[in-house]
Structure formats: C-alpha cells, structure tokens
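A.B. asks: Sharing a structure here in structure tokens format.
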Amino acid sequence: MDPESLKILLASVITLGGIGFICGFGLAYAANKFRVEKDPRIAEILQALPGANCGACGYPSCAAAAEAIAKGVAGANLCKIGGAETTQKIVQILGVTTGPPADKAEKMLAVVQCGAGPEACDQKSIYVGEPTCAAASLAGGGFLMCDAGCLGFGDCVKACQFGAIHHESGRVPIILREKCTACEKCVAACPKNLIKMYPARQEIFVLCNTADKGAEVKKYCRTGCIACRICVNKCPEQAISMDGRIPEIDPEKCRRQKVCIAACPQKTIQQL
Amino acid sequence: MEEIQKLGLIIISAVLVNNFILTRFLGICPFVGISSQIDSSLGMGSAVIFVMTLASAVAWLVQTFMLVPLGLGFLQTIAFILVIAGLVQFTETVINKISPTLKSALGIYLPLITTNCAVLGVAILNINSNYSFIQATINGFGSGVGFTLALLLMAGIRERLDLSPIPKFLQGAPITLITAGLMSIAFLGFVGMIK
C-alpha cells in the first residue's frame with residue numbers, strides 16, 4: 001500500500017474514532033451529570049410483576065402499574081394474575097405488611113365444567129347464526145338439549161390473552177393448566193357460566209353443571225352427571241359430598257386415588 | 273441588509289418552495305406515520321425543528337473545521353450521522369434533567385428522528401449549497417418549520433378524513449398517499465417564487 005492511501009486511511013480512522021470517542025465520552029459524562037433520580041423500587045417492582053402487560057389491573061402496562069404501586073396510588077395486591085407470590089415480593093420491596101389475608105392467597109385455575117359439548121350432547125335445534133357462544137345462547141338458550149352445556153364456539157378462547165385455552169370448533173375448550181393465570185376473563189366470557197375457579201391443587205373434577213334430572217340427562221348426554229351417587233359412596237376418603245344436583249369434591253380430603261373416576265358410569269369425573 | 277434579505281429568502285425557500293416533505297420527498301416515514309392527530313404531529317414537528325437546527329449547525333462545524341482541512345470529505349455521511357446522533361442523545365439527557373415539561377412534550381419523538389433522512393438531508397444540502405454557518409443554521413430551522421407545516425396540514429386533513437365517507441378500498445393508507453400526492457402538487461405552485 002502506498003504511503004498516501006495509508007495516510008488517508010489513518011486519518012479517517014483517527015477522525016471517526018475521535019468523533020465517536022468524544023461523543024461516547026460526552027454522553028457518558030452527561031448521563032452521569034444529568035441523571036434523574038428515580039424511585040429505585042419502580043424497577044424492582046417491575047421485575048417482580050409478570051411482565052405480560054395484560055391490562056387486567058386497569059393500567060396499560062406492567063411499567064405503569066409498577067409506578068402506581070411505588071407511588072402508593074395502587075395497592076401491593078394490584079396484579080391479579082401474579083397472585084400471592086407477586087404480592088409477597090412487592091410487599092417485601094415496599095416494606096409494608098401484607099394487605100390481604102394469607103388464606104385468600106391460594107393460586108386458582110379455571111376449569112370448564114362440561115365434558116360433553118355439541119359432540120356428546122343431543123341437539124334440540126339446528127343453529128345457523130353467528131358462530132359465537134353468546135349469540136347461540138341468546139337464541140332460545142342454545143341449540144343443545146342441555147341448558148347448561150358448552151356450545152363449543154370458543155368465546156372463552158377469544159377472551160384469553162395468554163393463549164391458555166386450546167379449542168377445536170364444536171368441542172369443549174381445554175384450559176391449559178400450566179398457562180392459566182387466573183385472570184378470570186374466560187369466566188366472564190362464557191354465557192353459560194360454565195367456567196369456574198378452583199384451587200390449583202385440585203386435580204379431579206366433576207365435569208357437569210346441569211340442573212336437569214338424572215333420567216333426562218341420561219337420554220340426551222353421553223357424559224353428563226346422572227346423580228347416581230356412586231362416587232359419593234365409593235370414595236375411600238369421604239371427599240365427595242352431594243348437597244345439590246352435582247357432586248362436589250373436597251380438595252382437602254381428596255388423595256387422588258381415582259376411585260371415583262373408575263366408578264363413574266358416565267365418565268363425568270375426570271382428572272385434568 | 274443584503275444578508276438579512278438573503279436569510280429571509282432562505283427561510284421562505286426552506287418552508288415553502290423546497291419543502292422537505294412535499295418537494296424533496298425526504299422524511300416521508302414520520303410524515304405518514306405521525307400525521308394522524310394534530311397533537312402528536314405538533315410534538316413531532318417541534319422535535320424536528322429542534323434537531324434540524326442543531327444538526328445543521330454542528331454538521332457545518334464538523335465539515336468546515338474537521339473534514340475539509342483533513343481532506344476527508346468522503347466521510348461526510350457517516351461523520352454527520354455519528355455527530356447528530358450523539359448530539360441529540362446528549363440534548364435529550366440534558367432536557368430530561370432541566371425541563372421535564374419539555375421532555376414530555378417532545379417525548380419519544382426526539383430519539384425517533386435522530387438519524388432520520390430529512391435531518392441528515394438538511395445537513396448535507398447545507399454543505400452542497402455552500403452556505404455560511406448562520407445561513408446553514410437558518411436553513412435548518414426553516415426546513416424544520418416546513419416539515420412541521422406539512423405535518424400539521426396533513427394531520428388536519430386526516431382528522432377530517434376520519435369523519436368522511438371514504439370508499440372501502442381507499443380507506444387507510446391509500447387515501448393518505450393520494451392526499452400526500454395532491455398536497456405535493458399544490459406545493460409545486462411555489463416553484464419559481466424564488467430565483
């Protein structure tokens with residue numbers, strides 16, 4: 001390489017490098033000199049929040065929620081989906097005592113209380129309208145013989161912002177328990193009020209919500225509860241009670257021996 | 273007196289005749305992106321005026337006292353980008369400290385237009401036109417005002433368009449681009465105003 005181009009090369013490198021160095025140094029100095037002191041707890045609270053920016057708390061983002069919590073505008077238990085764990089972390093950051101009582105803090109999960117759907121339930125009419133549960137439900141309470149049954153259009157799927165509901169058209173949606181954040185948006189979306197919140201430790205459920213008599217259910221539904229009380233009698237832990245129409249499983253007593261699942265003649269009781 | 277007259281002509285030229293968006297077609301991206309509301313286009317416009325004025329001044333200094341004496345004119349583009357980006361970042365840091373009100377007004381727009389083609393364009397055009405330091409700075413300011421004018425006009429039209437019955441196939445981007453084209457043709461009327 002001839003000395004002339006080498007000189008230009010060197011001059012270019014030094015000039016640009018110099019400009020870059022001066023800019024970088026100046027910025028670093030400015031960042032330090034003109035630093036705006038912010039509440040350090042905002043960043044910590046933001047770390048503790050789930051970071052989903054779901055808006056369930058009413059703030060547009062987790063960052064906005066963190067700021068509100070740090071300022072004391074909102075409570076430490078603001079985040080609905082983070083639950084007790086998040087609240088506990090935020091409480092520690094803020095140095096305040098826990099607001100909500102500890103027993104309320106249990107993690108909950110949503111469960112669809114129907115095992116049949118249009119597939120396993122006889123239809124009283126043919127529905128050709130708008131393919132949403134809400135619309136179908138308006139038309140005479142739906143097209144199923146069962147007034148409580150899942151209509152299978154998946155309104156809950158659209159409501160879920162966390163992709164926690166798997167759904168094939170015409171079937172009962174499956175809530176993915178590992179993804180469910182208990183934001184309860186699907187609960188509000190279901191026109192049949194089929195989705196209920198259960199403690200996360202409960203694994204065995206009675207997947208039926210009908211109010212009809214057992215003999216009728218037997219006629220139109222392949223998986224509906226017929227109120228035979230076999231599960232109540234068979235359970236070795238007496239964990240199943242039946243005060244109303246549908247048996248209830250007590251998660252405190254249940255030891256997951258699955259006797260009820262095997263005994264149920266309709267296969268209404270399932271482990272999820 | 274003649275100098276002041278010339279500066280006046282530079283401003284009129286930058287705002288109307290050689291409007292950055294509608295005549296030179298630079299900075300189209302923020303023009304389409306941020307012109308849906310008058311409020312945000314005003315914020316964007318003031319940020320552009322600020323950055324363009326600053327960039328013109330600094331780029332002129334860099335060119336005259338650094339690149340030309342060293343014979344490194346070919347480094348113009350990259351050196352300008354570097355200096356302008358650094359400067360805008362520095363200004364943002366300072367504003368953040370000194371005036372939170374101004375900071376929230378300029379908001380995200382300041383870093384957004386740091387290396388916008390219109391900003392780089394005004395710096396390079398100043399050099400190509402052999403402007404003096406003051407002329408370059410004034411031209412930068414005028415170009416920013418021209419940018420803001422175009423942005424505000426567009427925002428005003430688009431706020432009206434939102435309420436108008438537009439055929440479905442023209443809604444959104446198509447009607448915006450057609451509007452921009454018509455505005456550009458209208459601004460062609462200023463050509464020849466300054467010789």
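Line by line, the protein sequences are chains A and B.
Under the working numbering, the first residue of the first sequence is numbered 1, with each subsequent residue one higher.
Under the working numbering, the first residue of the second sequence is numbered 273, with each subsequent residue one higher.
C-beta atoms are modelled at their ideal positions from N, C-alpha and C, and glycine is treated no differently.
Output the distance between the C-alpha atoms of V355 (chain B) and T15 (chain A), rounded to the nearest integer angstrom.
C.D. replies: Roughly 12 Å between the two C-alpha positions.
A.B. asks: Contact criterion: CB-CB distance below 8 Å. Does G358 (chain B) meet it with respect to chain A?
C.D. replies: yes
A.B. asks: Strictly under 8 Å for the Cβ-Cβ distance: is K104 (chain A) near chain B by that measure?
C.D. replies: At K104 (chain A) the pLDDT is 49, less than 50, meaning the model places this residue with poor confidence; the figure from the coordinates comes in the next sentence. For K104 (chain A), the answer is no, since every Cβ of chain B falls outside 8 Å of its Cβ.
A.B. asks: Does any residue of chain A have a CB that is nearer than 8 Å to the CB of T365 (chain B)?
C.D. replies: yes
A.B. asks: Decide if G142 (chain A) is buried, meaning its Cβ has at least 16 other Cβ atoms within 10 Å, or exposed.
C.D. replies: buried
A.B. asks: So, for G115 (chain A): in the same chain, excluding its five sequence neighbours on each side, which residues have a beta-carbon less than 7 Å away from its beta-carbon?
C.D. replies: Excluding positions up to five away in sequence, the list reads V172, L207, C208, T223, T268 and Q270.
A.B. asks: Around the C-beta of K104 (chain A), are 16 or more other C-beta atoms found within 10 angstroms, so that it is buried, or is it exposed?
C.D. replies: Reliability fails at K104 (chain A), whose pLDDT of 49 lies under 50, so the model's placement of it is uncertain and the value that follows must be treated cautiously. Exposed, since its Cβ has fewer than 16 Cβ neighbours within 10 Å.
A.B. asks: When Cβ atoms are compared, which residues of the stretch 13-24 of chain A fall closer than 7 Å to chain B?
C.D. replies: T15, L16, I19, G20 and C23
A.B. asks: At what residues does the alpha helix (DSSP H) containing A52 (chain A) begin and finish?
C.D. replies: From DSSP, A52 (chain A) is part of no alpha helix (DSSP H); its letter is neither H nor E.
A.B. asks: Quick check: M455 (chain B) and L425 (chain B), are their CB atoms within less than 8 Å of each other?
C.D. replies: yes
A.B. asks: Is K234 (chain A) helix, strand or coil when you go by DSSP?
C.D. replies: Here K234 (chain A) sits in helix by DSSP.
A.B. asks: Report yes or no: do the stretch 113-127 of chain A and the stretch 143-161 of chain A share at least 3 C-beta pairs separated by less than 8 Å?
C.D. replies: yes
A.B. asks: Determine the direct distance from the alpha carbon of A11 (chain A) to that of A31 (chain A), and round the result to whole angstroms.
C.D. replies: 30 Å
A.B. asks: What's the call for A102 (chain A), buried or exposed, on a 16-neighbour Cβ count within 10 Å?
C.D. replies: In this prediction, A102 (chain A) scores a pLDDT of 46, lower than 50, which makes its location untrustworthy; the coordinate-derived value is nonetheless stated afterwards. Burial call: exposed.
A.B. asks: For L382 (chain B), is the classification buried or exposed, using 16 other Cβ atoms within 10 angstroms of its Cβ as the cut-off for buried?
C.D. replies: buried
A.B. asks: Within 8 Å of any Cβ in chain B, is that where the Cβ of V36 (chain A) sits?
C.D. replies: yes
A.B. asks: Could you have a look at L94 (chain A) and say whether DSSP puts it in helix, strand or coil?
C.D. replies: Looking at L94 (chain A) - three-state DSSP - the assignment turns out to be helix.
A.B. asks: Once the 5 residues before and after V360 (chain B) are set aside, which same chain residues still bring their CB inside 6 Å of it?
C.D. replies: V323 and T386
A.B. asks: Kindly indicate the opening and closing residues of the alpha helix (DSSP H) around K185 (chain A).
C.D. replies: K185 to A189
A.B. asks: Along chain B, in chain order, which residues have C-beta atoms closer than 8 Å to that of L27 (chain A)?
C.D. replies: G358, Q361, F362 and T365
A.B. asks: At a cut-off of 7 Å, is V360 (chain B) close to the ligand ATP when judged by its beta-carbon and the heavy atoms of the ligand?
C.D. replies: By its list of ligands, the structure shown contains no ligand whatsoever, and the ligand ATP lies outside what it can speak to.
A.B. asks: Leaving out five residues before and five after G129 (chain A) in sequence, what residues of the same chain have Cβ atoms less than 8 Å from its Cβ?
C.D. replies: Once the five neighbours on either side are set aside, the close Cβ partners of G129 (chain A) are A135, A136 and A139.
A.B. asks: Can you have a look at M273 (chain B) and say buried or exposed, based on whether 16 or more other CB atoms are within 10 angstroms of its CB?
C.D. replies: exposed
A.B. asks: In three-state terms, what does DSSP make of D103 (chain A)?
C.D. replies: Confidence in D103 (chain A) is poor, its pLDDT being 45 and thus under 50, which makes the residue's placement unreliable; the coordinate value appears in the next sentence. If DSSP states are grouped into helix, strand and coil, D103 (chain A) belongs with the helices.
A.B. asks: Expressed to the nearest angstrom, what Euclidean distance is found between the alpha-carbon atoms of N368 (chain B) and K33 (chain A)?
C.D. replies: If you take the alpha carbons of N368 (chain B) and K33 (chain A), they lie about 12 Å apart.
A.B. asks: For C156 (chain A), which residues from the same chain have a beta carbon less than 7 Å from its beta carbon, with the 5 sequence-adjacent residues on both sides left out?
C.D. replies: I165, P173, C186, A189, C190 and I195
A.B. asks: Could you give the distance in angstroms between the alpha-carbon of V36 (chain A) and the alpha-carbon of A458 (chain B)?
C.D. replies: Going from the Cα of V36 (chain A) to the Cα of A458 (chain B) covers about 46 Å.
A.B. asks: Going along the chain, which residues of its own chain have a beta-carbon closer than 6 Å to the beta-carbon of K253 (chain A), five neighbours each way excluded?
C.D. replies: E237 and A239
A.B. asks: Return yes when the Cβ of R201 (chain A) is within less than 8 Å of the Cβ of P251 (chain A), no when it is not.
C.D. replies: yes
A.B. asks: Compare the beta carbon distance of A65 (chain A) and C57 (chain A) with 8 Å and say whether it is the shorter of the two.
C.D. replies: yes
A.B. asks: Write down the C-beta distance between I261 (chain A) and I175 (chain A) rounded to the nearest angstrom, noting that I regard them as a contact closer than 8 Å.
C.D. replies: Not confirmed; about 19 Å, so no contact.
A.B. asks: For I385 (chain B) and chain A, any beta-carbon pair shorter than 8 Å?
C.D. replies: Residue contact with chain A for I385 (chain B): absent (no Cβ-Cβ distance below 8 Å to any residue of chain A).
A.B. asks: Give the range of the alpha helix (DSSP H) segment to which I195 (chain A) is assigned.
C.D. replies: Run containing I195 (chain A): none in the alpha helix (DSSP H); it sits in the beta strand (DSSP E), I195 to P199.
A.B. asks: According to a CB-to-CB cut-off of less than 9 Å, which residues of the stretch 320-354 of chain B neighbour chain A?
C.D. replies: Cβ contacts with chain A: V334, M338, L339, L342, G343, L344, F346, L347, I350, A351 and L354.
A.B. asks: Going by Cα to Cα distance, which pick from B:A408, B:G464, B:G315 and B:L433 is closest to L449 (chain B)?
C.D. replies: Out of B:A408, B:G464, B:G315 and B:L433, B:L433 has the C-alpha closest to the C-alpha of L449 (chain B).
A.B. asks: Going along chain A in order, which residues have a C-beta closer than 8 Å to the C-beta of N368 (chain B)?
C.D. replies: F34 and V36
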